[in-house]
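Undergrad: Numbering (this note's numbering), first residue to last: 498 to 869. Note that CB positions come from ideal geometry on N, CA and C, so glycine has one too. The structure is given below, and queries will be raised subsequently.
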Ligand SMILES: *Cc1c(COP(=O)(O)O)cnc(C)c1O
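Laid out in structure tokens, this is it:
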């Protein structure tokens, strides 16, 4: 068996220990003679699995008692709509900070659903390479919205805006449990699981109880109403059982490795190693500005990315990027192709990525720089 170092932005690598446990239990979970994939979600065997996953989220994220923890489907993208439909019910106005693709999509969805969207700050002026400083958000908004870690742009908030009585909503899809976070500062936190928690299929939602309304915006489907799922403990309909089972195992792995604090230490060590190399290289450079850099997603360019519109220069840039991605894959370092909006390469170094993986990447980059 030969495993690669997988730098995918999502779905992404999972801890090897967890995969091995899943494999060992595949045909017979806990003496039931069945795989968790085959079980009724209402069975005696499955019930403790979902209860344990919730208890572990509460423990690791120190979720206060007045918050519900939900396991939903539809990915982060469905939350763009659910947030708007369930919170945009008083003034119908919401404040969004625009920090890249995912924040823009969330704002566009709210607008599409009839919310009066105010883009109160944006980092568009510099290609979303930084997080704008918005210390305080005021106004008659039903909610304020931020994307806490920008997976594509490689940026991350180093502060939490003060919003007073305005519920703050944050998309933490690509940084959930990569660091401690003060849940009490937020109205809703949500994360698609496939970046840092589990395979694709489940979305973790943490919502303050007073925001769970039975009067969402008119026309809101039952399935898109938080109350439906909160009242049924995420069992209104069939939940993604197997994904929740893997999620539980990942959460125990996080606990064993020091919890959220342990993850932060591990992630800082990896990210520093990579950024230090990028900042000292005259061949590669990071695209995100210091002070806004993500510990999870690291986009980078080569010296051949000059911004020139010259056809020959653009062809050379593409040739080098393609060569990098191809040769890295041959060396067992996969999924390093950058997002087309940023160009170049991107290394996603989520919780499950090891320091050894990052060191192997940097060694490869040194060699590539010397040869090109
Ligand atoms: C991946 C991602 C999404 C979209 O998630 P889906 O589960 O594919 O809908 C939304 N927000 C952020 C920050 C992401 O990284």
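#1: Is it buried or exposed for residue 799, if we count other Cβ within 10 angstroms and need 16 for buried?
#2: According to DSSP, what are the bridge partners of residue 738?
#3: Taking CB distances under 7 Å as the criterion, tell me whether residue 604 reaches chain D.
#4: Are at least three pairs of beta-carbons, each pair with one atom in the stretch 758–778 and one in the stretch 565–576, less than 8 Å apart?
#5: Which residues does DSSP list as the beta-bridge partners of residue 555?
#6: For residue 659, which residues does DSSP report across the bridge?
#7: Any heavy atom of ligand 3 closer than 6 Å to the Cβ of residue 644?
#8: From which residue to which residue does the alpha helix (DSSP H) around residue 817 run?
#9: Pull the bridge partners of residue 804 from the DSSP assignment, please.
#10: Identify the residues that DSSP records as bridge partners of residue 565: which are they?
#11: Taking its Cβ as the centre, do 16 or more other Cβ atoms sit within 10 Å of residue 639, making it buried, or is it exposed?
#12: Classify residue 455 as helix, strand or coil using the three-state DSSP reduction.
#13: Alpha carbon to alpha carbon, how far is residue 512 from residue 790?
#14: Does the Cβ-Cβ distance between residue 713 and residue 722 come in under 7 Å?
#15: Using a strict less-than 6 Å threshold between each residue's beta carbon and the heavy atoms of ligand 1, what residues do you get?
#16: Given a cut-off of 7 Å, decide if residue 664 and residue 634 are closer than it, judged by their beta-carbon atoms.
#17: Considering only their Cβ atoms, is the gap separating residue 793 from residue 671 smaller than 7 Å?
#18: Closer than 8 Å is the cut-off here; do at least three beta carbon pairs connect the stretch 602–619 with the stretch 581–594?
#19: Would you decide whether residue 626 is buried or exposed? Buried here means 16 or more other CB atoms lie within 10 Å of its CB.
#20: Using a 10 Å radius around the Cβ and a threshold of 16 neighbouring Cβ atoms, would you call residue 735 buried or exposed?
#21: Please classify residue 719: is it buried, with 16 or more other beta-carbons within 10 angstroms of its beta-carbon, or exposed?
#22: Taking the CB atoms as reference points, tell me whether residue 566 and residue 544 lie closer together than 7 Å.
#23: Where do the ends of the beta strand (DSSP E) carrying residue 644 lie?
#24: Given a cut-off of 7 Å on the beta-carbon distance, is the pair residue 673 and residue 693 in contact?
#25: Count the other CB atoms within 10 Å of the CB of residue 843; is the residue buried (16 or more) or exposed (fewer)?
TA: Taking the structure as given:
#1: Locating residue 799 in the chain shown gives position 302, where the first residue counts as 1. Residue environment analysis places residue 799 among the buried positions, since at least 16 neighbouring C-beta atoms fall within 10 angstroms of its C-beta.
#2: Here the question's residue 738 lines up with position 241 in the chain shown. Looking at the DSSP output, residue 738 sits in no beta bridge, so it has no partner there.
#3: In the displayed structure, chain D is absent; only one protein chain is listed.
#4: No, because fewer than three Cβ pairs between the stretch 758–778 and the stretch 565–576 fall closer than 8 Å, the two stretches do not touch.
#5: Residue 555 sits at position 58 when you count from the first residue of the chain shown. Answer is none; residue 555 lacks a bridge partner.
#6: By one-based count along the chain shown, residue 659 stands at place 162. As a beta-bridge residue in DSSP terms, residue 659 pairs with 633.
#7: The ligand content of the structure shown is limited to ligand 1, which means ligand 3 is not among them.
#8: By one-based count along the chain shown, residue 817 stands at place 320. Boundaries of the alpha helix (DSSP H) around residue 817: 808–827.
#9: Start at 1 with the first residue of the chain shown, and residue 804 comes out as number 307. Note: residue 804 sits in no beta bridge, so no partner.
#10: To locate residue 565, count along the chain shown from 1; it is residue 68. DSSP, once it has assigned bridges, lists 704 as partnering residue 565.
#11: Your numbering for residue 639 matches position 142 in the chain shown. Its Cβ being crowded by 16 or more others within 10 Å, residue 639 is buried.
#12: There is simply no residue 455 to check, as the chain begins at 498 and stops at 869 in what is shown.
#13: Locating residue 512 in the chain shown gives position 15, counting from the first residue. Locating residue 790 in the chain shown gives position 293, counting from the first residue. If you draw a straight line from the Cα of residue 512 to the Cα of residue 790, it is about 24 Å long.
#14: For the purposes of this step, residue 713 is taken as the residue at position 216 of the chain shown. For the purposes of this step, residue 722 is taken as the residue at position 225 of the chain shown. Yes, the Cβ-Cβ distance between residue 713 and residue 722 is below 7 Å.
#15: Around ligand 1, the residues selected by a Cβ distance under 6 Å to any of its heavy atoms are 507, 572, 573, 574, 599, 644, 648, 668, 670, 671, 689, 692, following chain order.
#16: Position 137 of the chain shown, counted from the start, is the residue given in the question as residue 634. Position 167 of the chain shown, counted from the start, is the residue given in the question as residue 664. By the CB criterion at 7 Å, residue 634 and residue 664 fall outside the cutoff.
#17: On the chain shown, position 174 is the one that residue 671 refers to. On the chain shown, position 296 is the one that residue 793 refers to. Yes; because the gap between Cβ atoms is below 7 Å, this pair is in contact.
#18: Yes, the stretch 602–619 touches the stretch 581–594.
#19: The sequence position of residue 626 within the chain shown is 129, counting from 1. Flag for residue 626 reads buried.
#20: Counting from 1 along the chain shown, the entry for residue 735 is found at position 238. The residue in question, residue 735, is exposed, as its Cβ has fewer than 16 Cβ neighbours within 10 Å.
#21: As a working note, residue 719 is residue 222 in the chain shown. With a threshold of 16 other beta carbon atoms within 10 Å, residue 719 falls short and is exposed.
#22: By one-based count along the chain shown, residue 566 stands at place 69. By one-based count along the chain shown, residue 544 stands at place 47. No, they are not a contact pair.
#23: Translated into positions along the chain shown, residue 644 becomes position 147. Per DSSP, residue 644 belongs to the beta strand (DSSP E) from 640–644.
#24: Here the question's residue 673 lines up with position 176 in the chain shown. Here the question's residue 693 lines up with position 196 in the chain shown. Inclusion of residue 673 and residue 693 in the CB contact set at 7 Å is warranted, their separation being smaller than that value.
#25: In the chain shown, residue 843 corresponds to position 346, counting from 1. Around the beta carbon of residue 843, a 10 Å sphere encloses 16 or more other beta carbons of the protein chains shown; the residue is thus reported as buried.
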